[in-house]
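If you're matching positions, the sequence shown starts at -18 in this note's numbering and goes up one per residue.
Note that beta-carbon positions come from the ideal geometry of N, C-alpha and C, so glycine has one too.
Structure first, then comments.
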Amino acid sequence: LLGLRNRLFLKANRFLTISRVIREEYLAGGVPADRIVHIPNGIDVASFTPADAATRQALRLRLGLPQSAFIFAYSGKLNRGKGLDMLVRAWARVRAARKDAHLLLIGAGGQQFLSCENTLRGEAENRGLASSITFTGYVSNVADYLRASNAFVFPSESEALGLALIEGMSCGLPALGSATGGILDILEDGVNGRLLPVGDELAWAEAMLDLMARPDQQQAWAEAGQRTARDRFSIESAAVAHEHLFRSLAPHDGR
């Protein structure tokens, strides 16, 4: 059945890819390279903007977040495969070294089959980390939580692209991400963030502690990351690229 489906799909004029990893899957499936068009997903960069110090503190007060902590944020589903179990283990190392560190998990697992939210909450309690980790549950004001934070962490074990990472970078947060999948299309190691081995809790803990200790690095990655989000992943540029593609495929009728 899969073979029949693929033979039908191969009749398409164009194949859209949002990242290199998906392009490689197309090629492996027999799609001709000249029929593959790369258009990454975009975000509304106007809705995800950096906050100045005063705004950040006001947001923390309103959201019930610690005023003086260095906050690492993650946003997305609290599901297996997102690397969050490893992140909690790494967090135990971070907190042992820095009591001013706080972890913010923006999102929920809900009733999804892959949800690990309850497991994460239990692990935080068992490790004595509950006071240093905020679970927001499902929220609609993700940008507010990001703008109240200091850095972004994205430890996924696999990812087609990673819009949550782009949103964090658009908010001016220096970012740490797993060196896998579409994340490699977003982060350039040492330029606009840091790429880390998938599942390596020691490497992640050391990277978080290193970032906390280097304000100059935070600023450099924050500025470079915001440029990446604005210049390469805006919803406007994605819309224009799709329009050009559709027009190139539409019959020419003189209009």
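Check	Outcome
Asp81 beta carbon less than 8 Å from that of Phe116	no
Whole runs of the beta strand (DSSP E) within the stretch 118 to 154, excluding any shorter than 3 residues	132 to 135
Same chain only: Cβ atoms within 6 Å of Ala203, ignoring 5 sequence neighbours per side	Gly153, Pro155
Buried or exposed by the 16-neighbour rule on C-beta atoms within 10 Å, applied to His83	buried
For Ser229, the first and last residue of its enclosing alpha helix (DSSP H)	216 to 230
Cβ shell of Arg242 (< 6 Å), same chain only, five flanking positions each side left out	The displayed coordinates of the chain run from -18 to 236. Any statement about residue 242 would go beyond what the structure contains.
Endpoints, beta strand (DSSP E) assigned at Thr(-2)	-4 to -2
contact_flag[the stretch 140 to 150, the stretch 9 to 28] where n(CB pairs < 8 Å) is 3 or more	yes
Cut-off 7 Å between Cβ atoms - residues of its own chain near Leu59, not counting five sequence neighbours on either side	Leu65, Leu86, Gly88, Ala89, Gly90, Ser96, Cys97, Glu98, Leu101
Proximity of Ala201 and Val2 at Cβ, strictly below 8 Å	no
Top-ranked residue by Cα proximity to Asp191, from Ala54, Arg70, Phe(-10), Arg79	Arg79
Leu177 to Leu(-3) span [Cα, whole Å]	28 Å
Cβ contact (3+ pairs, closer than 8 Å) linking the stretch 157 to 175 and the stretch 126 to 145	yes
Strand pairing of Leu177, partner residues [DSSP]	Ser159
Backbone CA spacing between Ile20 and Leu226 [nearest angstrom]	10 Å
Inter-stretch contact at 8 Å, needing at least 3 Cβ pairs: the stretch 5 to 18 / the stretch -14 to -6	yes
Under the three-state DSSP convention, the category Ser28 falls into	coil
Phe116 Cβ short of 7 Å to the ligand ATP heavy atom set	As presented, the structure is devoid of all ligands, the ligand ATP included, so that no description of it is given.
Limits of the alpha helix (DSSP H) - the one that Val75 falls within	65 to 78
Status (buried if at least 16 other CB within 10 Å, exposed otherwise) for Glu217	exposed
Meets three-Cβ-pair contact criterion under 8 Å: the stretch 68 to 77 and the stretch 165 to 183	yes
Rounded straight-line distance, which links the Cα of Ala220 to that of Ile167	19 Å
Distance, Ala39 Cα to Gly45 Cα	10 Å
Backbone secondary structure at Asn107 - three-state DSSP	helix
Rounded C-alpha distance that separates Arg37 from Ala129	5 Å
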